[in-house]
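> Here this note's numbering is used: the first residue of the sequence shown is 245, the next is one more, and so on.
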Amino acid sequence: MLRPITLILGLAWLSPAAALAQNAPAPAPAPAAAPTRGPSPFDQSLRRGAEAFARRDFDAAMTAFRDAVQRDPRSPVPWLRMAAVSRARNDAATAMGNYREALRLAIEASADADRARALIGIADTDEAQGLWREAIGAWGAVAEFADAHASVTSGALPRARIEAIRQRESLDREYTPVRERIAERLRVNAAGAANAAGTTTAPAPR
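#1: Between A332 and the rest of its own chain, which residues show a CB-CB distance below 8 Å, the 5 nearest in sequence each way excluded?
#2: Using only CA atoms, which one of A385, P320, M340 and A294 lies nearest to A372?
#3: Kindly give me the distance between the Cβ atoms of A367 and D358, rounded to whole angstroms, as I take these residues to be in contact under 8 Å.
#4: Could you give the C-beta distance for I409 and I364, rounded to a whole number, given that I count them as a contact under 8 Å?
#5: Measuring only the C-alpha atoms, how far is A265 from Q288?
#6: The ligand PLP and I426: does the residue's C-beta get closer than 6 Å to at least one heavy atom of that ligand?
#7: Please state whether DSSP places P322 in a helix, a strand or coil.
#8: Sorted by chain position, which residues of the same chain lie with C-beta nearer than 6 Å to W383's C-beta, five sequence neighbours on each side aside?
#9: How would you write the range of the alpha helix (DSSP H) that S289 sits in, first residue to last?
#10: Look at the alpha carbon of E388 and the alpha carbon of E378, and state the distance between them as a whole number of angstroms.
#11: Can you list, in chain order, the stretches of the alpha helix (DSSP H) that have 4 or more residues and sit fully within the region 322-369?
#12: What are the boundary residues of the alpha helix (DSSP H) that includes A390?
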């Protein structure tokens, strides 16, 4: 009679554990690995443009950057890149237009770093063309922006460029009379040489 009692006691001991095992929540599944995402079509266009620019294929670079504009019309970045291509082509007018559009978009997007790049591009393009007055004004705008956004850019560069332009303007004014005298001397010498050649030329046979 001991065996049935022992069996009953054993079952009574196991039954709570079995009930707990049945009621225990299933373990949570392991979190799925986040899907890896490649570069966006916008970033791919920028990369193609940068690669084309590096090998000086300016047509392909411009095409890629225009594609980036189509993919994100509100980004100033493609316009900054197109300005660089235009500068490399010695097309200052197009570069200036690109920089101004980049500036407009950067202001709208509150993208301070891109705004600084656009302002610097405008000033540097003016200076490269010898537009001294415009360049001084543009570099002044860069300095003013830098003073209000010290974490983005420094005011040292624009102020150094303004000083360099003013020194060049001063030298230009000082050397203007010298250049004029040299030009006049060359003109007189050329006229004298022409007259001398005319007097020494033998008359044509009749």
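Each residue gets a CB set at the ideal place from its N, CA and C atoms; glycine is no exception.
Straight from the coordinates:
#1: Close CB contacts of A332 within its chain, under the 8 Å cut and outside five residues either way in sequence, are with F297, R300 and F302 (chain order).
#2: Cα-wise, what sits closest to A372 is M340.
#3: Not quite, the Cβ-Cβ distance comes to about 15 Å (not below 8 Å), so this is no contact.
#4: I409 to I364, Cβ: 14 Å. No contact.
#5: Confidence at A265 is low in this model, with a pLDDT of 43, below 50, so the placement of that residue should be treated as unreliable; the coordinate-derived value is given next. Using only the alpha carbons, I get a separation of about 54 Å.
#6: For the structure depicted, the ligand PLP is absent and the ligand set is empty, with no information on it obtainable.
#7: P322: helix per DSSP, three-state reduction.
#8: Hits under 6 Å: A367, P402, R405 and I406.
#9: Unbroken alpha helix (DSSP H) run through S289: P285 to A298.
#10: Going by C-alpha positions, E388 is about 15 Å away from E378.
#11: Whole alpha helix (DSSP H) segments, 4+ residues: 336-353.
#12: Where A390 is concerned, the enclosing alpha helix (DSSP H) stretches over W376 to A392.
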